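Residue numbers (this note's numbering), protein chains in the order written: chain F, 1 to 480; chain V, 1001 to 1198.
Heads up, the beta-carbon is just placed ideally off N, CA and C, and yes, glycines get one too.
Please read these numbers as outputs of a predicted model, since none were measured by experiment.
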Amino acid sequence: MSATFLGMPPFPTAARTALANEQLRSNLRHATGTIRAKRAVVVAEVDDWEDLRTAGAAVKDAALRHLDEHLVVLEQALTARGATVHWARDAAEACAVVADVARAHGVDEVVKVKSMATQEIGLNEFLADRGIAAWETDLAELIVQLGGDLPSHILVPAIHRNRAEIRDIFRQRMGAAGRPAPVDLTDDPGDLAGAARLHLREKFLRARVAVSGANFAVADTGTLVVVESEGNGRMCLTLPEVLVTVVGIEKVVPTWSDLDVFFQLLPRSSTGERMNPYTSTWSGVTQGDGPQEVHVVLLDNGRTRALADPVGRQALRCIRCSACLNVCPVYERVGGHAYGSVYPGPIGAILNPLLRGVGSDPQTDSLPYASSLCGACLEVCPVKIDIPSVLVDLRRQVVDAHRRQRVPTPEATVMRAAAWAFGDARRLSLGERLAGLGAPASRWLGPLVPRWSSSRDMPTVPRESFRRWWRRERAEGGRS
Amino acid sequence: MSARDDILAAVRAAVATAPEPPAVPRAYRGHPSPEGLVDLFLERVADYRATVMRCAPGDLLATVERALGRRRSVIVPRGLPIELPYATTDSGHTATELDRFDAVVTTAAVGIAQTGTLVLDHGPGQGRRALSLVPDRHVCLVRAGQVVSGVPEAIARLDPGRPQTWISGPSATSDIELSRVEGVHGPRTLIVVLVDGA
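In structure tokens, the structure reads:
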């Protein structure tokens, strides 16, 4: 039932397939248009929005610069409040912690709050292989999970599905996972949400172990924060006896008061609301209230690699609002699946190569090119990540990584030939004479770089080069 | 080396030559409170389709009774400032037991005007977190003096050592075609009772 991003083709190939899907394009156009308009209204309402963006970027930069110290403080604060802290270098280590906790309590199911980190590490598949069912409880994640589908958006993972498709998935698949959908289920969004409420309530009431991510981790107080809308987060964070939270190490903010920036930036950028319906904060174990056994997994999984990149490290400021997806002309047309990762869109085009490194996987190496560099993403980013600059720098890194390749790309060959010709005046004039014979350059250049020329028009080379024209003009009387 | 040592060493190596970032500019803090704070709060609460009621301290009980309608299956936390004769006081009921109640009445710690948000820090009168989550109707009492202007003022007032729930309107989702639907897992009806002059 579960799908995987593993083995996805490079972006250009995946994008071509997605572009041919008219239903997908229509769903995306509608959804991204709606959310863009909502965001614009609530952002315009805030007089000091630019001050908030600047502060948000600065808090994250300060946190990242001294991340080692903040992580140690966070660990101390959590431990003092009764939480158990685990460290995980990679996905396998993090998944193993969760599986061990589940096994220690003898459960064969866990309920989950929507979390990018647990998707990134493939937790559901890892647990399924060990006989533990991980139930997604966010509505969109439920749609994706029941449909055996992949998420295509950070905030709204089922953005590629319309209401009729969702009704069909609920009707056909809910029964196999628990309480079936009502037989007369319509495609009204209110009805669909009601069906999810009934289906999941029995799971909330019986679950003993929950797994969550966190939007923020406050170092000095050991406070974790989950920002959500539906209340499924509150259910998971409150009702089970045991809670495991997987937190990327870049989620750390130094102090409680730093949250006053992000609680303003995140909801307006994300769902286009002044405030999301529910935000939960908790610091370790509270006696008589909520889970009495609390685990926190601090996850690296490539984040220290990204942190070492002087241009790219700003991507770790990301608060996963997904505003950059909603304004991106490329994302709006191809959707999230083409990026081959749980992090799609402009932020995914930089985050995936930064987390994984470039030069070894063609899919990852294709992502920095999945952009027109229009800059809309930078304009809306609540923490001012200069995505276009990072994209350009990553393109350089991809090129550098392939320099020693034994068979050079056609593009590299043409560029090398051009460099040789342009490097010397005599060679250049010889080249100009050959090109100026009148043949459109594409006639000989085209077959050499078919993929390059298939989406670009080749200009016709003028019959006379500028240098020849100059010489002729000067010879004819030296007019200036 | 342990995973902890490895990660901390990798972090230190990664930022060793990174420039020191400038101090965080806090220009967004300290704006004067707008006039009519309480009116703005109620307007914004209503904007997210919570029901708003307003009363003098002496009318609180009658107002809460109106908010509950005919519901008599009501649970309340210890420390609620009013006595509802038919209500059950929370004594550590299980989630399944809480699910059988129609409504819950609690107080709050802070109200935020600009965002129409209630914050519960789950002290006396507010109850543990599950209490205001499982029943389908949440009646929440806020004193006018608890309303602050914006998020920074609320953060400054709240104690991070306590668990908190920030509530802005009833449970909602925008997961289907990004159109907002009220009523998923949290209480589908949220009634905010503002108590003036208190």
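Residue closest to residue i, alpha-carbon to alpha-carbon, out of the options
| i | options | result |
| --- | --- | --- |
| Thr304 of chain F | V:Ala1013, V:Asp1005, V:Arg1049 | V:Ala1013 |
| Glu45 of chain F | F:Arg433, F:Glu273, F:Ala425 | F:Glu273 |
| Glu464 of chain F | F:Glu432, F:Met458, F:Arg456 | F:Glu432 |
| His1122 of chain V | V:Thr1189, V:Gly1161, V:Asp1039 | V:Gly1161 |
| Leu1178 of chain V | F:Phe466, F:Ala37, F:Ala18 | F:Ala37 |
| Leu489 of chain F | F:Ala57, F:Glu120, F:Asp424 | As displayed, chain F neither begins before 1 nor continues past 480, which places residue 489 of chain F out of reach and without an answer. |
| Arg197 of chain F | V:Asp1159, V:Asp1099, V:Val1151, V:Gly1125 | V:Asp1099 |
| Thr560 of chain F | F:Ala419, F:Trp87, F:Glu230 | Past the edges of chain F, shown from 1 to 480, lies residue 560 of chain F, and the structure says nothing about it. |
| Asp1141 of chain V | V:Val1192, V:Arg1049, V:Ala1016, V:Pro1077 | Looking at the sequence itself, residue 1141 of chain V is Leu, so the reference to Asp does not match. When only C-alpha atoms are compared, the closest one is V:Val1192. |
| Arg25 of chain F | F:Leu146, F:Pro329, F:Gly190, F:Ala91 | F:Pro329 |
| His153 of chain F | F:Thr186, F:Lys60, F:Lys114 | F:Lys114 |
| Thr1107 of chain V | V:Ser1174, V:Trp1166, V:Leu1008, V:Ser1149 | V:Trp1166 |
| Val107 of chain F | F:Asp187, F:Glu241, F:Val85, F:Arg167 | F:Glu241 |
| Pro277 of chain F | V:Arg1129, V:Thr1173, V:Arg1066, V:Glu1083 | V:Thr1173 |
| Gly175 of chain F | F:Pro362, F:Gly147, F:Ser389 | F:Gly147 |
7 Å Cβ cutoff, residue i in contact with chain V
| i | result |
| --- | --- |
| Trp49 of chain F | no |
| Gly248 of chain F | no |
| Glu293 of chain F | no |
| Ala77 of chain F | no |
| Gly290 of chain F | yes |
| Arg320 of chain F | no |
| Gln264 of chain F | yes |
| Met1 of chain F | Residue placement at Met1 of chain F is poorly supported in this model, since its pLDDT is 45, which falls under 50; the coordinates are not used for a value here. |
| Met235 of chain F | yes |
| Val59 of chain F | yes |
| Pro277 of chain F | yes |
| Trp256 of chain F | yes |
| Ser280 of chain F | yes |
| Ile35 of chain F | yes |
| Asp300 of chain F | yes |
Three-state class that DSSP yields for residue i in the structure shown
| i | result |
| --- | --- |
| Glu250 of chain F | helix |
| Leu243 of chain F | strand |
| Met458 of chain F | coil |
| Thr13 of chain F | helix |
| Cys324 of chain F | helix |
| Ile35 of chain F | helix |
| Phe422 of chain F | helix |
| Ala1172 of chain V | strand |
| Gln1114 of chain V | coil |
| Cys318 of chain F | coil |
| Leu224 of chain F | strand |
| Arg1004 of chain V | helix |
| Ser442 of chain F | With a pLDDT of only 49 at Ser442 of chain F, under 50, the local geometry of the prediction cannot be trusted, and the value read off the model is given with reservation. If DSSP states are grouped into helix, strand and coil, Ser442 of chain F belongs with the helices. |
| Lys112 of chain F | strand |
| Ala158 of chain F | coil |
| Met174 of chain F | helix |
| Ile1191 of chain V | strand |
Burial state of residue i, where buried means 16 or more other Cβ atoms lie within 10 Å
| i | result |
| --- | --- |
| Val41 of chain F | exposed |
| Trp420 of chain F | exposed |
| Arg16 of chain F | exposed |
| Gln525 of chain F | Nothing in the structure corresponds to residue 525 of chain F, since chain F is present only between 1 and 480. |
| Gln287 of chain F | exposed |
| Leu1061 of chain V | exposed |
| Asp260 of chain F | buried |
| Tyr1028 of chain V | buried |
Chain F within 7 Å of residue i, Cβ atoms only
| i | result |
| --- | --- |
| Glu1185 of chain V | Per the sequence presented here, residue 1185 of chain V reads as His, with Glu not at that position. Answer yes: the Cβ-Cβ gap between His1185 of chain V and chain F drops below 7 Å somewhere. |
| Thr1106 of chain V | no |
| Glu1043 of chain V | no |
| Asp946 of chain V | Past the boundaries of the shown model lies residue 946 of chain V; chain V is included only from 1001 to 1198, so the question cannot be answered. |
| Val1011 of chain V | yes |
| Glu1035 of chain V | no |
| Gln1146 of chain V | no |
| Val1151 of chain V | yes |
| Tyr1086 of chain V | no |
| Ile1155 of chain V | yes |
So if I threshold CB-CB distances at 8 Å, which residues from the segment 204 to 230 of chain F count as touching chain V?
Phe204, Leu205, Val218, Thr221, Thr223, Ser229, Glu230
Using a beta-carbon distance cut-off of less than 8 Å, what residues from the segment 1111 to 1126 of chain V approach chain F?
Ile1112, Gln1114, Thr1115, Gly1116, Thr1117, His1122
Please identify, using Cβ separations under 7 Å, the residues of the segment 1058 to 1077 of chain V that lie next to chain F, in order along the chain.
none
Return the residues of the segment 146 to 165 of chain F that lie within a Cβ-Cβ distance of less than 7 Å from chain V, sorted by chain order.
Val156, Ala158, Asn162, Arg163
Against chain V: residues of the segment 307 to 319 of chain F by CB proximity under 9 Å
Leu307, Ala308, Asp309, Pro310, Arg313
Near-chain V residues of the segment 85 to 99 of chain F - C-beta to any C-beta below 7 Å:
Trp87, Ala88, Arg89, Glu93
What are the residues of the segment 1167 to 1178 of chain V that lie near chain F, defined by any Cβ-Cβ distance shorter than 8 Å?
Ile1167, Ser1168, Gly1169, Pro1170, Ser1171, Ala1172, Thr1173, Ser1174, Asp1175, Ile1176, Glu1177, Leu1178
Contact list for the segment 1125 to 1139 of chain V against chain F, Cβ threshold 7 Å
Arg1128, Arg1129, Ala1130, Leu1133
For the segment 171 to 194 of chain F, list every residue whose C-beta sits within 8 Å of some C-beta in chain V, in sequence order.
Pro189, Gly190, Leu192, Ala193, Gly194
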